[in-house]
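Asks: Right, I'll just put the structure down here and ask away after.
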Amino acid sequence: MDNKTLKWLFDIKIAIEEIETYFSDIPKDFFVYRENIMLKRAIERDLEIIGEAMNRIIKSTPLIQDQITSAKSVIGLRNQVIHAYDNISDEMIWSVLIKHLPILKKEIEVLINDFNISKK
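UniProt numbering applies: residue 1 is where the sequence shown begins, and numbers increase by one.
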């Protein structure tokens, strides 16, 4: 893994952490999310960043795909948010936030830690 890939891994990690901060002052509740347009757009933007960074990682270092459970789905979500925005449902994005982002965060942290260990 090279430094560019590491940078993109950090981009994903930071975007996930940013999403987590959106709920520091408000409840992490679907109905709160659904009614807050600004929150929805901010989360969608971070999901775009996550998907674009994942796309670059997979192109640059294809073997990482085996270490990330939903790499292709992350890229697919990015494409859907950007190109098929009218087919995005609040329920789908919420599902990603609750079920998939915590797993992705752990996998990204492992990859970052492995990179740091290998550099020592």
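Note that CB positions come from ideal geometry on N, CA and C, so glycine has one too. These numbers were taken from a predicted model, which means no experiment stands behind them.
1. From which residue to which residue does the alpha helix (DSSP H) around residue 80 run?
2. Using the Cα positions of residue 82 and residue 113, report the straight-line distance between them to the nearest angstrom.
3. Please work out which residues of its chain come closer than 7 Å, Cβ to Cβ, to residue 56, disregarding the five sequence neighbours upstream and downstream, and give them in chain order.
4. Work out the CA separation of residue 64 and residue 44 for me, nearest whole Å.
5. DSSP three-state call for residue 23: helix, strand or coil?
6. Would you mind stating whether residue 78 and residue 52 have Cβ atoms separated by less than 9 Å?
7. Would you please verify whether the beta carbon of residue 46 is less than 9 Å from any beta carbon of chain C?
8. Take residue 60 and list the residues in its own chain whose beta-carbon comes closer than 8 Å to its own, dropping the five residues that flank it on each side.
Replies: Let's see:
1. 71-83
2. Between residue 82 and residue 113, the C-alpha separation is close to 31 Å.
3. The beta carbon of residue 56 is closer than 7 Å to those of 8 in its chain, skipping five residues each way along the sequence.
4. 24 Å
5. coil
6. yes
7. Absent from the structure is chain C; it holds one protein chain and no more.
8. 2, 4, 5 and 8
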